[in-house]
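There are 4 protein chains.
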Amino acid sequence: MPKRDAKQDITKAAAICFARNGVDKTSIDEVAREMGASKGKVYHWFRTKGELLLSVRQQSILSVMERVKPIADTPAPTTERFLDMAQAHVHGILDDLPFHRVVVENLRSGLAGATTEHERAFLTEIVALQASYEDLFREVISAGQKDGSFRQQSTSVAVNSIIVLLNAPIFWYQPRPEETETQREDIAKQVARMALGAISI
Amino acid sequence: MPKRDAKQDITKAAAICFARNGVDKTSIDEVAREMGASKGKVYHWFRTKGELLLSVRQQSILSVMERVKPIADTPAPTTERFLDMAQAHVHGILDDLPFHRVVVENLRSGLAGATTEHERAFLTEIVALQASYEDLFREVISAGQKDGSFRQQSTSVAVNSIIVLLNAPIFWYQPRPEETETQREDIAKQVARMALGAISI
Amino acid sequence: MPKRDAKQDITKAAAICFARNGVDKTSIDEVAREMGASKGKVYHWFRTKGELLLSVRQQSILSVMERVKPIADTPAPTTERFLDMAQAHVHGILDDLPFHRVVVENLRSGLAGATTEHERAFLTEIVALQASYEDLFREVISAGQKDGSFRQQSTSVAVNSIIVLLNAPIFWYQPRPEETETQREDIAKQVARMALGAISI
Amino acid sequence: MPKRDAKQDITKAAAICFARNGVDKTSIDEVAREMGASKGKVYHWFRTKGELLLSVRQQSILSVMERVKPIADTPAPTTERFLDMAQAHVHGILDDLPFHRVVVENLRSGLAGATTEHERAFLTEIVALQASYEDLFREVISAGQKDGSFRQQSTSVAVNSIIVLLNAPIFWYQPRPEETETQREDIAKQVARMALGAISI
DNA sequence: TATGAATGAGTTTTCATTCAT
DNA sequence: CATGAATGAAAACTCATTCAT
Numbered sequence: 074m075p076k077r078d079a080k081q082d083i084t085k086a087a088a089i090c091f092a093r094n095g096v097d098k099t100s101i102d103e104v105a106r107e108m109g110a111s112k113g114k115v116y117h118w119f120r121t122k123g124e125l126l127l128s129v130r131q132q133s134i135l136s137v138m139e140r141v142k143p144i145a146d147t148p149a150p151t152t153e154r155f156l157d158m159a160q161a162h163v164h165g166i167l168d169d170l171p172f173h174r175v176v177v178e179n180l181r182s183g184l185a186g187a188t189t190e191h192e193r194a195f196l197t198e199i200v201a202l203q204a205s206y207e208d209l210f211r212e213v214i215s216a217g218q219k220d221g222s223f224r225q226q227s228t229s230v231a232v233n234s235i236i237v238l239l240n241a242p243i244f245w246y247q248p249r250p251e252e253t254e255t256q257r258e259d260i261a262k263q264v265a266r267m268a269l270g271a272i273s274i
Numbered sequence: 074m075p076k077r078d079a080k081q082d083i084t085k086a087a088a089i090c091f092a093r094n095g096v097d098k099t100s101i102d103e104v105a106r107e108m109g110a111s112k113g114k115v116y117h118w119f120r121t122k123g124e125l126l127l128s129v130r131q132q133s134i135l136s137v138m139e140r141v142k143p144i145a146d147t148p149a150p151t152t153e154r155f156l157d158m159a160q161a162h163v164h165g166i167l168d169d170l171p172f173h174r175v176v177v178e179n180l181r182s183g184l185a186g187a188t189t190e191h192e193r194a195f196l197t198e199i200v201a202l203q204a205s206y207e208d209l210f211r212e213v214i215s216a217g218q219k220d221g222s223f224r225q226q227s228t229s230v231a232v233n234s235i236i237v238l239l240n241a242p243i244f245w246y247q248p249r250p251e252e253t254e255t256q257r258e259d260i261a262k263q264v265a266r267m268a269l270g271a272i273s274i
Numbered sequence: 074m075p076k077r078d079a080k081q082d083i084t085k086a087a088a089i090c091f092a093r094n095g096v097d098k099t100s101i102d103e104v105a106r107e108m109g110a111s112k113g114k115v116y117h118w119f120r121t122k123g124e125l126l127l128s129v130r131q132q133s134i135l136s137v138m139e140r141v142k143p144i145a146d147t148p149a150p151t152t153e154r155f156l157d158m159a160q161a162h163v164h165g166i167l168d169d170l171p172f173h174r175v176v177v178e179n180l181r182s183g184l185a186g187a188t189t190e191h192e193r194a195f196l197t198e199i200v201a202l203q204a205s206y207e208d209l210f211r212e213v214i215s216a217g218q219k220d221g222s223f224r225q226q227s228t229s230v231a232v233n234s235i236i237v238l239l240n241a242p243i244f245w246y247q248p249r250p251e252e253t254e255t256q257r258e259d260i261a262k263q264v265a266r267m268a269l270g271a272i273s274i
Numbered sequence: 074m075p076k077r078d079a080k081q082d083i084t085k086a087a088a089i090c091f092a093r094n095g096v097d098k099t100s101i102d103e104v105a106r107e108m109g110a111s112k113g114k115v116y117h118w119f120r121t122k123g124e125l126l127l128s129v130r131q132q133s134i135l136s137v138m139e140r141v142k143p144i145a146d147t148p149a150p151t152t153e154r155f156l157d158m159a160q161a162h163v164h165g166i167l168d169d170l171p172f173h174r175v176v177v178e179n180l181r182s183g184l185a186g187a188t189t190e191h192e193r194a195f196l197t198e199i200v201a202l203q204a205s206y207e208d209l210f211r212e213v214i215s216a217g218q219k220d221g222s223f224r225q226q227s228t229s230v231a232v233n234s235i236i237v238l239l240n241a242p243i244f245w246y247q248p249r250p251e252e253t254e255t256q257r258e259d260i261a262k263q264v265a266r267m268a269l270g271a272i273s274i
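Residue numbers (this note's numbering), protein chains in the order written: chain A, 74 to 274; chain B, 74 to 274; chain C, 74 to 274; chain D, 74 to 274.
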C-alpha cells in the first residue's frame, strides 16, 4: 500500500472517531478498529495521537481550500467573488461535517498540546496553511473595501468573524436522511448571503 | 458556608481551569487546588465532572442573559434593539472570555457525555435555558422581518448563525494588557454591526 | 431514645444493607439513608464500620441462641433434643435470612479486619459468644455419642460440619411471596432430619 | 506466551490474593505484584475485576469436577458411588482450600455485581457449569432414592444441602504444617460419611 | 444527640506508547 | 509493514472518618 493511502485511511478513520466521541474519549485502539486494523498500524504511520489530530486538521483545511481557491483566482467582481467563495466554503463544511467539527472543537488543544519536536514542526506548517487560506478571504475583502463595495473596518476582525460565521453550521446543522441536497444548497446560500451582508455597505 | 457559595466557588475555579487547559486535560484535583480545597469538597457538591461542566455552562448563559434581557425587553425599534443586544452579547463574551470559551468548545460533549440520570436532568434544564436565551434573538429578528427591517429568510438559520457570529471573538480575541477597554468597545461595535448587516435588507 | 433502641435500629439497617449489596459495597451513608438518618448518627453510636459488622454478627448469634438454648436445656433424649435444636436453628436462619447471610459471608473479614483496640475487644467477646453457642451442640452430640445414639467420630469435625449444614439454606433459599410458612417448616424439618442422619449410627 | 498460560497465571495469582485478604481488600495492583507483573497486564487479559473473580470461580468448579466426574460415571452401587464422590469432593476442597474459600465467600457478589455485558455472559456460562456439576450429585441421589438406598425427600434441598456440607471444611479447616496428609484423609472420610448419613434411610 | 461539610487515602479503570516478533 | 502483549502514568470517583455546629 502506498504511503499516501495508508495515511489517508487512518486520518479518515480518526476523523470519524474523533467526531463521534471527541478526541480525548477516542483511543487509538478505537481508531484502529474503525478501519479494521491493529493499533500498531496507526503507530507505524503516525508517531503520536497529536500528530493524528493535526493530520485531520490539515485535511480539513485542504479540502475546503480545494473548493475555494479556484473561485478566489477568478477575476469576477469582488461582491460576486466573495459570495461564491463563501458559498463554496459552507458547502465544503456541510459535505464533510465530522471532519470540520473535530477541527473547530480542538483548535486550542492543537496549539497547547504540541509537545514533540515533530509535532511542533507539523503544527507550524498547518498554521501557515491556515493563514494562506484566510488570505484568500483577506484579499477579496480588502479589495472590496478599496473598490467601495464593502464597509471600511478592521480587516482582521472582519476576516476572522466571517470565517467563524461560515463555519456556523458546524454548531447546529443536523444532517437528515431526507432531501439533504436541496437543504444544504439553501443553507449554503443563506449563510453566504448573511456573510456578504455582514461586510457590505 | 451557604450552599450557593460553595457551589459557585467551585464552578468558578472549574471555569478557570477548564479555560486554561481544556476540560479533558483538567483533573478534579487541579480544580480543587485552584481554590485551595480538597478533591473531596468538589465531589461533595458535584457528583461528576460532567455536572461541573454543566454548571459552568449554566453560569455562562446566565451571565450573558443578564446583560441582554433588559435590552430585549425595551420597546426600541427592531434595528436599534437588535444592535444593542448584539453589542451587549459581545461585550459579555469579551469580559468573561475563558468562561465562554469553555462552553463553546464543549457544546457537543455536553450532549453526548451526559450519562448519569442526574446529569441528564441538569442538561435538560440548561438546554431549556439556552433556548430561552436564543428566543430573545429569535423574537427581535422575527419582528424585524415582519416590519420590513430584516431580510426574509429562515429564522432558525438566521438566529443560530447570528449567535455563532457574536461568539466569534472566542476564537481569535487575545486580551492584551494595554488599552483593552477601548479595543473591546471597538470589537463589540464592529461585530455587532456585522451581525446587523448579516440580517438587514 | 434509649441507647438500646438506637443501636438496634442502626444494626438492623446495617444488616439489611450489608445483605443487599455486601459489606464492602455498602457505605455508611447508605446505612444511614436506610433508616432515614444521617451518617453522623451512625458514627455517634458506632466508632467504626467494623464495629457495626460485629454488631450484626452478635445479633445474629443471639437471635438463634434465644431459640435453641431453651431446647438444649431440656432433659429430652439426645436424639429428640438434637432434632429439635437443629430445627429451631434452621427456623431462625430462615426467619432472619439477611442477617445470617451477612455473618456467614464475612466470617473471615471479621477476624482479619479488627484493627482498633475497641474492635478487638468486641471481637473477643463475640468469639466467646459463638463458642458458647457451639457448645450447645457440642454437648448434645457428645452425650449422644456416649449413650450410643450417635456415631463415634471427631466431635469437633461433627459439630463444625453440623452447624454449616444447618446454615445451608443461607446459600440457596430464596424467599417467595406465596406459602412461605409451610415451605419454611418443610425445609427446617428436612434439613434437621439430614443433620440427625449425619451423626446417627 | 500462549493465551491460556497468561490467563491461568493471572487467575492463580488472583486466587491467592483473594484468599489471603478477601476480594474487596485486594487491589488489582496486588494481584499484579503477586505474579511480578504490571497492573496493565492484568487488564490486558481481564477487562474487569469481576471477570477475574469469575475466572477463579470457573477454575474452582472445574478442578473439583475433574475429580468427581470419573467416579460419577462409574457403575458402582449408589451408596458406594455417592460416598466416593463425596470423599473426592472434600479432598478437592482441602487440597486447594484458598481457591474454594474465595468462591464460597463470594457466591452472591458474583450474582449481584455482574454489571458488564461481558461479565453477564461469563456468569451465565459459569452458572451452567455449576449446574452441570450439581447434576452429578442430583443424579446419584435421585438414583439412590429410586432403588431404596436413600430417604424420600426433596431432591433439590438434599442436593443443595449436601454440597454445602461437603464444603464445610472451608469454614473451619486450618492446614497445619505437620501430618497434613493423614488428617485430610480422615476429615474427607468423616465428612463424606456424614453426608451419606444425611441422605440414607 | 444529631447533622453534614470537609478530608485524603485508596481503588478501579483507561490508554498512549513501546517493543519483540 | 503489521501485530498485539506489556507497561505505567494518570484520572475519576468512593468512602471511612473527623469535627465544628
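The beta-carbon is built from N, C-alpha and C at its ideal position, and this holds for glycine as well.
Note to self: Whole angstroms are fine: how far does the CA of residue 236/B sit from the CA of residue 132/A?
What the structure shows: Taking the first sequence and counting its residues from 1, one reaches residue 132/A at position 59. Taking the second sequence and counting its residues from 1, one reaches residue 236/B at position 163. So the alpha carbons of these two residues sit roughly 27 Å apart.
Notebook entry, point to check: Considering only C-alpha positions, which residue in the set 85/A, 204/A, 120/A is nearest to residue 109/A?
Noted result: On the first sequence, residue 109/A is found 36 positions in, with the first residue counted as 1. Answer by Cα proximity: 85/A.
Notebook entry, point to check: So, helix, strand or coil for residue 273/D, using DSSP?
Noted result: As a position in the fourth sequence, residue 273/D is number 200, starting the count at 1. Three-state DSSP puts residue 273/D in a strand.
Note to self: Please report whether the beta-carbon of residue 106/A lies at a distance below 9 Å from any beta-carbon of chain B.
What the structure shows: As a first step, residue 106/A must be located in the first sequence, where it is residue number 33. Closer than 9 Å: no.
Next item on the list: May I ask you to list the residues that DSSP assigns as paired with residue 223/A?
Entry: If you number the first sequence from 1, residue 223/A lands on position 150. Residue 223/A pairs with 273/A.
Checklist line | Residue nearest to residue 256/D in terms of C-alpha spacing, selected from 168/D, 142/D, 124/D | finding: Position 183 of the fourth sequence, counting from 1, holds the residue named residue 256/D. It is 168/D whose Cα lies nearest to the Cα of residue 256/D.
Notebook entry, point to check: Sorted by chain position, which residues of the same chain lie with C-beta nearer than 8 Å to residue 189/D's C-beta, five sequence neighbours on each side aside?
Noted result: Position 116 of the fourth sequence, counted from the first residue, corresponds to residue 189/D. Taken in chain order, the residues that qualify are 120, 121, 123, 124.
Margin query: Here's the rule: buried if 16 or more other CB atoms are within 10 angstroms of the residue's CB, otherwise exposed. What is residue 159/A?
Written below: As a working mapping, residue 159/A is identified with position 86 in the first sequence. Classification for residue 159/A: buried.
Next item on the list: Please say whether residue 170/B and residue 92/B have beta carbons closer to each other than 9 Å?
Entry: Taking the first residue of the second sequence as 1, we reach residue 92/B at position 19. Taking the first residue of the second sequence as 1, we reach residue 170/B at position 97. Yes, these two residues count as a Cβ contact at 9 Å.
Notebook entry, point to check: Looking at residue 177/B and residue 129/B, is the spacing between their C-beta atoms short of 9 Å?
Noted result: Working through the second sequence from its first residue, we reach residue 129/B at position 56. Working through the second sequence from its first residue, we reach residue 177/B at position 104. Cβ atoms of residue 129/B and residue 177/B: not closer than 9 Å.
Note to self: Determine whether the beta carbon atoms of residue 271/C and residue 227/C lie at a separation below 9 Å.
What the structure shows: By one-based count along the third sequence, residue 271/C stands at place 198. By one-based count along the third sequence, residue 227/C stands at place 154. Against a cut-off of 9 Å, the Cβ pair of residue 227/C and residue 271/C comes out as no contact.
Notebook entry, point to check: Closer than 9 Å, CB to CB, is residue 118/D near chain C or not?
Noted result: On the fourth sequence, residue 118/D is found 45 positions in, with the first residue counted as 1. Not one chain C Cβ lies under 9 Å of residue 118/D.
Margin query: Since residue 200/D and residue 162/D should fall inside the 8 Å C-beta cutoff, what is the C-beta to C-beta distance between them, to a whole number of angstroms?
Written below: Position 127 of the fourth sequence, counted from the start, is the residue given in the question as residue 200/D. Position 89 of the fourth sequence, counted from the start, is the residue given in the question as residue 162/D. Residue 200/D to residue 162/D, Cβ: 19 Å. No contact.
Item checked: Proximal residues of chain A, C-beta to C-beta of residue 178/B below 9 Å -> In the second sequence, counting from the first residue as 1, residue 178/B sits at position 105. Chain A residues near residue 178/B: 177, 178, 179, 180, 181, 182.
Next item on the list: With a floor of 4 residues, list each alpha helix (DSSP H) that falls wholly inside the segment 108–185 of chain C, ordered by position along the chain.
Entry: 112–118, 122–145, 151–168, 170–178, 180–185
Next item on the list: Just the C-alpha distance for residue 142/D and residue 97/C, rounded to the nearest angstrom, thanks.
Entry: Residue mapping note: residue 142/D aligns to position 69 of the fourth sequence, counting from 1. Residue mapping note: residue 97/C aligns to position 24 of the third sequence, counting from 1. Using only the alpha carbons, I get a separation of about 36 Å.
Notebook entry, point to check: How many Å lie between residue 165/A and residue 140/A at the Cα?
Noted result: In the first sequence, residue 165/A corresponds to position 92, counting from 1. In the first sequence, residue 140/A corresponds to position 67, counting from 1. The alpha-carbon atoms of residue 165/A and residue 140/A are separated by roughly 7 Å.
Notebook entry, point to check: Under 9 Å between the Cβ atoms of residue 238/D and residue 156/C?
Noted result: For this step, residue 238/D is matched to residue 165 along the fourth sequence. For this step, residue 156/C is matched to residue 83 along the third sequence. Cβ atoms of residue 238/D and residue 156/C: not closer than 9 Å.
Next item on the list: Could you tell me the distance, in whole angstroms, from the CA atom of residue 151/A to the CA atom of residue 144/A?
Entry: Walking along the first sequence from the start, residue 151/A turns up at place 78. Walking along the first sequence from the start, residue 144/A turns up at place 71. Cα-Cα distance, rounded: 11 Å.
Checklist line | Alpha-carbon spacing of residue 250/C relative to residue 172/C, whole angstroms | finding: Within the third sequence, the letter at position 177 stands for residue 250/C. Within the third sequence, the letter at position 99 stands for residue 172/C. Taking the straight line from one Cα to the other gives about 19 Å.
Notebook entry, point to check: So is residue 270/C in contact with chain D if we call contact Cβ pairs under 9 Å?
Noted result: For the purposes of this step, residue 270/C is taken as the residue at position 197 of the third sequence. Yes, residue 270/C lies at the interface with chain D (some Cβ there is under 9 Å from its Cβ).
Notebook entry, point to check: Going along chain B in order, which residues have a C-beta closer than 8 Å to the C-beta of residue 155/A?
Noted result: Residue mapping note: residue 155/A aligns to position 82 of the first sequence, counting from 1. What residue 155/A touches in chain B: nothing, since even the nearest Cβ is about 13 Å away.
Next item on the list: Starting from residue 232/B, trace the alpha helix (DSSP H) both ways and give me its first and last residue.
Entry: In the second sequence, the residue the question calls residue 232/B occupies position 159. From DSSP, the alpha helix (DSSP H) with residue 232/B extends over 228–240.
Next item on the list: Using 8 Å as the cut-off, classify the Cβ of residue 210/C as near or not near the heavy atoms of the ligand MN, replying yes or no.
Entry: Inclusion of the ligand MN in the displayed structure is not the case, the ligand content being empty and no account of it being possible.
Checklist line | Positions along the segment 234–247 of chain C whose CB lies within less than 7 Å of some CB in chain D | finding: 234, 237, 238, 241, 244, 245
Item checked: Under the three-state DSSP convention, the category residue 100/D falls into -> Residue 100/D sits at position 27 when you count from the first residue of the fourth sequence. DSSP places residue 100/D in coil when its eight states are reduced to three.
Check: Given residue 268/A, which residues of its chain have a CB within under 7 Å of its CB, disregarding the five upstream and five downstream residues?
Finding: The residue given as residue 268/A occupies position 195 in the first sequence. So the list reads 159, 235, 238, 239, once near-sequence residues are dropped.
Notebook entry, point to check: Shorter than 9 Å from the beta carbon of residue 213/A to some beta carbon of chain B?
Noted result: Here residue 213/A refers to the residue found at position 140 when the first sequence is read from its first residue. It does not: the Cβ of residue 213/A has no partner Cβ on chain B nearer than 9 Å.
Margin query: For residue 209/B, tell me which candidate among 264/B, 252/B, 126/B, 147/B has the shortest Cα-Cα distance.
Written below: Here residue 209/B corresponds to residue number 136 of the second sequence, with the count starting at 1. Among 264/B, 252/B, 126/B, 147/B, the Cα nearest to that of residue 209/B belongs to 147/B.
Checklist line | Members of the segment 247–269 of chain D that neighbour chain C once the beta carbon cut-off is set at 8 Å | finding: 259, 260, 263, 264, 266, 267, 268
Note to self: Rounded to whole angstroms, what is the Cα-Cα separation between residue 225/C and residue 266/D?
What the structure shows: Within the third sequence, residue 225/C is the residue found at index 152, counting from 1. Within the fourth sequence, residue 266/D is the residue found at index 193, counting from 1. Using only the alpha carbons, I get a separation of about 12 Å.
Check: Cα separation between residue 111/D and residue 88/D?
Finding: As a first step, residue 111/D is located in the fourth sequence; it is residue number 38 there, counting from the start. As a first step, residue 88/D is located in the fourth sequence; it is residue number 15 there, counting from the start. The alpha-carbon atoms of residue 111/D and residue 88/D are separated by roughly 17 Å.
Next item on the list: Please list, in chain order, all residues of the same chain as residue 215/C whose beta carbon is under 8 Å from its beta carbon, the five residues on each side excluded.
Entry: In the third sequence, the residue the question calls residue 215/C occupies position 142. The residues are 228.
Margin query: Distance check for residue 82/B and residue 179/B, CA to CA, integer angstroms please.
Written below: For this step, residue 179/B is matched to residue 106 along the second sequence. For this step, residue 82/B is matched to residue 9 along the second sequence. About 21 Å.
Check: Expressed to the nearest angstrom, what Euclidean distance is found between the alpha-carbon atoms of residue 101/A and residue 80/A?
Finding: Within the first sequence, the letter at position 28 stands for residue 101/A. Within the first sequence, the letter at position 7 stands for residue 80/A. Spanning the two alpha carbons is a distance of roughly 14 Å.
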